[in-house]
Amino acid sequence: MRRLGALLAGVLSVAACAGPEPPPMIETTPGRVTDDAFLAGDGAVLPARLWRPAGDPVAVVVALHGFNDHAGAFETAGPALAARGLLVFAYDQRGFGRAPGRGTWPGAARLAADARAAVQAWRARAPNTRLYLLGESMGGAVALAAATGPDAPPDLVDGLILSAPAVWARSTMPWAQRAVLWLAARLVPGLTLTGRSLGRYPSDNLPLLERLAEDPLWIRATRVAAMAGIVDVMDLAYARAGTVRGPVLMLYGLNDQIIPATPTRDVARRLPEPPPHQRLAVYPEGWHMLLRDLQAARVLDDIAAWVRDPQGPLPSGADARAPAFCAGTLRSREEEGERLHPRMVWEASHPSP
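Counting with mature numbering (1 follows the signal peptide of the UniProt record, and there is no 0), you get residues -18 to -1, 1 to 335 for the letters of the sequence shown.
In structure tokens:
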């Protein structure tokens, strides 16, 4: 059972509690946003955080957090992007943080519908301001799902920002992982996994990892029944990547130990419009939580510059690595058989006096 748990946890190192895909909820009114909540059309109240720039915003950014996380995922990126002229609004997605149904899986369609409604609510509140949808990890998959498909209006957003998007679809997983996931979901659906023993880390920011370990809003254990639902979101994002309309900025770190490089390459190659409309930025020192890593300022500078001018150069030059990465000549550390420990990186960058 220990080996089974390790293999299943390897499918998703960072995941949320979930269950079978629930039936769609009926929207009775359009969604609304306040400074501290997103009020969904079905009456659900999703707590939110808002960071404003000093003057008029260059753009509004609706931010979607990743697995197990909550709107506090942007507690450093939000103010940093606000200082760069952007208004950032992040809400706890259903089943996460302080949102309704914490620890239950709301369904891929529900998450995507909420994201669309939140964006449309901000369109109504700030009709003359450009609007972007930013997603980290699972949030990136939800952003892709929200902006594509039959329910997505063509002018939903002015662009997508996908930070290490969760696009590890079933079709890109080894057959053994797919088989074990399928069997375990039917035989031991109530088994909970943490992935703690796998030795995989989402960031090189050691103090951040220590805070997350104590964060009461962070979900730490995942039922096996969750896996199928979560992978459904990744399947949807992976399948729809070729139908994205409008500009996309996709971000990936070569130290990512959570989402493999191969499906990330596949998605980048399949984005329908060529550069500069679709941009991939590759960070050799980046990990999975790019917006919170030790080199986060570089990523945040790139995001702000891209929002101001989607066709202009990125300050870091990280987009210059995209051709080599997509061709497979620039490989991740995992592909090279290496895996760093965040303590090594932290101690190297913060030597003792």
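We put the beta carbon where it would ideally sit given N, CA and C, even for glycine.
Distance, residue j Cα to residue i Cα
| i | j | result |
| --- | --- | --- |
| Ala330 | Glu317 | 23 Å |
| Glu255 | Pro297 | 22 Å |
| Arg105 | Val43 | 11 Å |
| Arg325 | Ala146 | 21 Å |
| Gly141 | Val27 | 26 Å |
| Trp164 | Val206 | 10 Å |
| Asp51 | Arg202 | 10 Å |
| Gly319 | Leu218 | 29 Å |
| Thr111 | Gly299 | 27 Å |
| Gly25 | Asp18 | 15 Å |
| Gly310 | Asp301 | 15 Å |
| Ala95 | Gly77 | 14 Å |
| Gly60 | Asp74 | 14 Å |
| Arg107 | Ile212 | 31 Å |
| Pro82 | Glu57 | 21 Å |
Under the three-state DSSP convention, the category residue i falls into
| i | result |
| --- | --- |
| Thr267 | With the sequence shown as reference, residue 267 is identified as Glu, and Thr is not the correct amino acid for it. Glu267: coil per DSSP, three-state reduction. |
| Phe56 | helix |
| Gly235 | strand |
| Tyr220 | helix |
| Leu246 | Note that residue 246 is Thr in the sequence shown here, rather than Leu. The answer is helix: DSSP assigns Thr246 an H, G or I state. |
| Thr16 | coil |
| Gln159 | helix |
| Glu318 | coil |
| Val289 | helix |
| Thr111 | coil |
| Phe307 | helix |
Closest residue to residue i among the options (Cα-Cα distance)
| i | options | result |
| --- | --- | --- |
| Pro29 | Gly60, Thr11, Ala72 | Ala72 |
| Val170 | Arg14, Ala210, Leu69, Ala125 | Ala210 |
| Met199 | Phe49, Ala278, Ala123, Gly121 | Correcting the residue type first, residue 199 is Leu in the shown sequence and not Met. Ranking the options by Cα distance to Leu199, first place goes to Phe49. |
| Asp214 | Ala91, Glu192, Ile143 | Ala91 |
| Val327 | Gln260, Thr246, Asn237, Arg303 | Asn237 |
| Ser119 | Met232, Thr204, Pro82 | Met232 |
| Gly122 | Leu138, Ile143, Asp133, Arg251 | Ile143 |
Contact with chain C by residue i, beta-carbon distance below 8 Å
| i | result |
| --- | --- |
| Pro136 | This model lacks chain C altogether, as it is built from one protein chain only. |
Cβ separation of residue i and residue j, assumed to be a contact under 8 Å, to the nearest whole Å
| i | j | result |
| --- | --- | --- |
| Val281 | Leu253 | Going by Cβ atoms, the distance from Val281 to Leu253 rounds to 19 Å, so no, they are not a contact pair. |
| Leu113 | Ala97 | Not a contact, Cβ separation roughly 12 Å. |
| Ala125 | Leu46 | 6 Å |
| Ser314 | Ala223 | Rounded, the Cβ-Cβ distance is 19 Å, inconsistent with contact. |
| Ala22 | Ala127 | 16 Å between Cβ atoms; not a contact. |
| Asn102 | Pro39 | Checking the sequence, you will find Gln at residue 102 rather than Asn. Not really, about 18 Å apart at Cβ, beyond 8 Å. |
Check your understanding: Using 8 Å as the threshold, is the stretch 26 to 37 in touch with the stretch 55 to 71, meaning 3 or more CB pairs across them?
Key -> yes
Point to revise | Validate contact between the stretch 283 to 302 and the stretch 148 to 166 using beta carbons, cut 8 Å, 3 pairs | key: no
Review point. Counting Cβ pairs closer than 8 Å, one from the stretch 182 to 194 and one from the stretch 268 to 281, do we hit at least three?
Key: yes
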